[in-house]
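Line order of the protein sequences matches chains R and Y. Per the numbering used here, the first sequence runs over residues 1 to 382. Per the numbering used here, the second sequence runs over residues 1001 to 1382. Glycine included, each C-beta is placed from N, C-alpha and C at the ideal position. Take a look at the structure below.
2 protein chains.
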Amino acid sequence: MRVLILGGDGYLGWPTAMDLSSAGHDVVVVDNYLRRRIAEATDSDALMVAPSLSERAQIFKGVSGHEIDVRIGDLSDSDIIFGIVRAFMPDTIVHYAEQPSAPYSMRGFSEARETFQNNLDVTFNCIWAVKELAPDCQIVKLGTMGEYGTPDIDIEEGWIDIEHKGRKDRFLYPRAAGSLYHTTKVLDTDLLWFYVRTYGIRVTDLMQGPVYGISTEGADLDEKLCPNFHYDDIFGTLVNRFLVQAVAGIPLTVYGQGGQTRGYLNLRDTLQCVRLATENPADAGELRIFNQLTETFCVNEVADRIKAVGDSIGLDVSIQPIQNPRKEKEEHYYNPVHSGLIDLGLEPTYMTDDVIAAMLERVISNKERIVTRRIMPRVRWN
Amino acid sequence: MRVLILGGDGYLGWPTAMDLSSAGHDVVVVDNYLRRRIAEATDSDALMVAPSLSERAQIFKGVSGHEIDVRIGDLSDSDIIFGIVRAFMPDTIVHYAEQPSAPYSMRGFSEARETFQNNLDVTFNCIWAVKELAPDCQIVKLGTMGEYGTPDIDIEEGWIDIEHKGRKDRFLYPRAAGSLYHTTKVLDTDLLWFYVRTYGIRVTDLMQGPVYGISTEGADLDEKLCPNFHYDDIFGTLVNRFLVQAVAGIPLTVYGQGGQTRGYLNLRDTLQCVRLATENPADAGELRIFNQLTETFCVNEVADRIKAVGDSIGLDVSIQPIQNPRKEKEEHYYNPVHSGLIDLGLEPTYMTDDVIAAMLERVISNKERIVTRRIMPRVRWN
């Protein structure tokens, strides 16, 4: 298949490119390095240095024999994406090209506006490029479990049947996200659903939980093919941040009471899910939604597990609750359905002690690059 | 109160400005004449010529003694709205500043993008101007009943209690709109709800049905104060279009089977509702949603009523179903709750024969200005 990956420089975008290319697909990646510029501007560089996309594609070709075509361009400019889609005529577009940091989106007006306009405009342009130029192409869109927030009822996979005053209908599951970044994904979903039901385009929207991990088959071929591993307060996700804190010998900082429960998944499983969605496309006129997670933990459980494994390999790990910089429930019900991707063939990689130990070892080998001032929260919701 | 009206040149914006000014409020209106430019570009001029906002404010001052302050500017430029809010410090912002035509939003990529970016950016800037500069100011936002679409269950006023697998929670009522224009209002609602619950701003979101009418207390003071009365396929709403067709002696064009049911209200009631919302603000941290309509009709009923009244005053009115240019259900369940504004004091102006006759007479006095080529649908959804 011909697969176009939007946001191919990201934590997920680059490993996805290697994975789909290794699977025999014809892959083009596009990025404008927005995340790199924000990381530089906010002193939030990743743990390992990532060469440019072109350099990584060259290294990957050398070690694997697979070619990845790289384009640098801003997808919020419709001419760029229309031009690429017209020339490449993809079977699938994997859309990761969004500003992905919740704290950055909550920092102030200019960061909020940048997030809002970039994320919405890229989705809008992507939809129109497909609708006008490649109507049979599937969009595989990365949403987030954060779209749902933490409702007091079970979270279904995207849709809910409502019985009300003796009548019934099926609706998009109501959403209420906890940051502007997450809210842009809610708006994306609304927009995709409008264009799916009106023009019959095909979309898979993956409601993904927080991802953790460094190792993938492609990334393990060469140190320089490593994903952008962030541990800072801007781009770092919970597990990755805790791993770095454990290695740096500073306490794992639990925000508030630590009862916040989310659905997690290993980076390797993100690749599985995106490949499964790509190779088993949604029908024309279908907005197919999967909840992309493999297991749920509260923050305290994640901290306890990393502490236990860290201590067992000789680290001295402590846990320190701090004031929660976010506005979120710290104790709540959380029961998301997540059977759709399993049904499609996902084989989960659970967060076992071995998996945690391997991640810690990898961070230990980069310990000298940890910059601890990047870890504590610098953005507060209020 | 100090009231800032965004989109003050519109069919609803200008009459609202006169109404709130007459009620003793201190009123500033802003507009960038986007609708006028689109009307000119699409050959969709209104029935009566509307002088510029400044001219109308001057005429209104002459006949009423009330002053309306006029600013011309593009509110999608944050500097403009931040500057006005900082200087005026409104108690209420009435936000009408959106591209309001569903067909225009469905015309092609550039019209869709213009609608999408204008509507979302103005709402975003409005929220931030309030949050940063006037956090106690209420935003009175014009949404649309079209946000809900035509679900097979009763439409509640913005919120719904869902019982699911033995548990309960309250959610924003699920939305599924029928055009990109209506979808931008869905996205507005999501965005407002995020900022309300996160920062405690106060918002009233008015889910308004199609409005009809020409006469208001202010507009009746001078012919030149008349609202922009559109009957074309771009900006004309159903009732106003049928009135013009009846007077022009061309058939009332029913789209498809004509079973499409919507909640209508008289322009005079829009003014009542906006004034009630302004003078009885939402609480801090409250997203208060009202369904703004007074009665429901299907298209065939509207056509039959206008035909009956038209025939009775000597017009020879016929009805002609045509192929539906839109994608919508032509027979469906429709039962919206709309008690909130009544509870607040709304006294409905129903679409009686007298009301229809008065509107027809007003159109008859402008009959020579009707341009019939503007009436038939020029935009198809597919």
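- The beta-carbon separation of F1229 of chain Y and I1214 of chain Y, rounded to 5 Å, stays under the 8 Å limit for a contact.
- Looking at the DSSP output, N291 of chain R sits in a beta bridge with R:M207.
- Secondary structure of N1119 of chain Y (DSSP, three-state): helix.
- Every alpha helix (DSSP H) stretch that sits fully inside the segment 216–303 of chain R and reaches 4 residues is listed by chain position as 238–248, 267–279.
- Measuring C-alpha to C-alpha distances from L172 of chain R to each of R:I201, R:G166, R:V355, R:D188 identifies R:D188 as the nearest.
- Contact annotation for L287 of chain R against chain Y: no contact, minimum CB-CB distance about 11 Å [criterion: below 9 Å].
- Assigned with DSSP and collapsed to three states, V3 of chain R falls in strand.
- Closest option to L293 of chain R, judged by alpha-carbon separation, among R:A308, R:Y212, R:E279, R:A246: R:Y212.
- Under the 8 Å criterion on CB atoms, E1132 of chain Y is classed as interfacial with respect to chain R.
- Excluding its 5 nearest sequence neighbours in each direction, V186 of chain R has C-beta neighbours in its own chain below 7 Å: E147, R175, A177, listed in chain order.
- In its chain, beyond the 5 residues on either side, P1051, D1222, K1224, L1225 have a beta carbon closer than 8 Å to the beta carbon of I1059 of chain Y.
- When the alpha-carbon of R373 of chain R is set against those of R:D205, R:V244, R:P15, the nearest one is in R:V244.
- Annotation for P1015 of chain Y: the continuous alpha helix (DSSP H) segment containing it runs 1013–1022.
- Scanning R:G13, R:S22, R:A102, R:A129 for the CA closest to the CA of D31 of chain R turns up R:G13.
- Take the alpha-carbon of T204 of chain R and the one of L20 of chain R: they are about 17 Å apart.
- For R1086 of chain Y, the enclosing alpha helix (DSSP H) stretches over residues 1078–1088.
- Look at Y350 of chain R here: in three-state DSSP terms it is coil, with no helix or strand label.
- Taking C-beta atoms as the reference points, R1167 of chain Y and D152 of chain R count as a pair closer than 8 Å.
- Non-local C-beta neighbours of I364 of chain R in its own chain, meaning closer than 7 Å and more than five positions away in sequence, comprise V247, ordered along the chain.
- Beta-bridge partners of R1071 of chain Y (DSSP): Y:V1030.
- At least one C-beta of chain Y is nearer than 8 Å to the C-beta of P174 of chain R.
- If you draw a 10 Å sphere on the C-beta of E331 of chain R, you find fewer than 16 other C-beta atoms in it, and that means exposed.
- In the DSSP assignment, H332 of chain R falls outside any beta strand (DSSP E) and carries neither an H nor an E.
- With a 10 Å radius around the Cβ and a threshold of 16 neighbouring Cβ atoms, R1037 of chain Y comes out exposed.
- Only P1151, D1152, I1153, D1154, E1156, I1160 from the segment 1141–1160 of chain Y bring a Cβ to less than 9 Å from some Cβ of chain R.
- Near chain Y, meaning a CB-to-CB distance below 8 Å, the residues of the segment 315–343 of chain R are K327, Y333.
- According to the DSSP assignment, P1100 of chain Y belongs to no beta strand (DSSP E), since it is labelled neither H nor E.
- Around W14 of chain R, no beta-carbon contact reaches into chain Y at under 7 Å, the shortest distance being about 30 Å.
- Here the C-alpha atom of F1088 of chain Y lies approximately 32 Å from the C-alpha atom of P103 of chain R.
- Under the three-state reduction of DSSP output, I155 of chain R falls in the strand class.
- The beta carbon of I250 of chain R sits closer than 8 Å to the beta carbons of T372, I375 from its chain, once the five residues preceding and following it are set aside; these are given in chain order.
- Relative to the Cα of Q272 of chain R, the nearest Cα in the group R:K367, R:G7, R:T16 belongs to R:T16.
- Among the residues facing chain R, R1107 of chain Y is not included, as its CB has no counterpart in that chain under 8 Å away.
- Here the C-alpha atom of H25 of chain R lies approximately 52 Å from the C-alpha atom of G1083 of chain Y.
- For K185 of chain R, the enclosing alpha helix (DSSP H) covers residues 180–199.
- Taking L1360 of chain Y as reference, the option from Y:D1316, Y:E1328, Y:N1382, Y:H1338 with the minimal CA-CA separation is Y:D1316.
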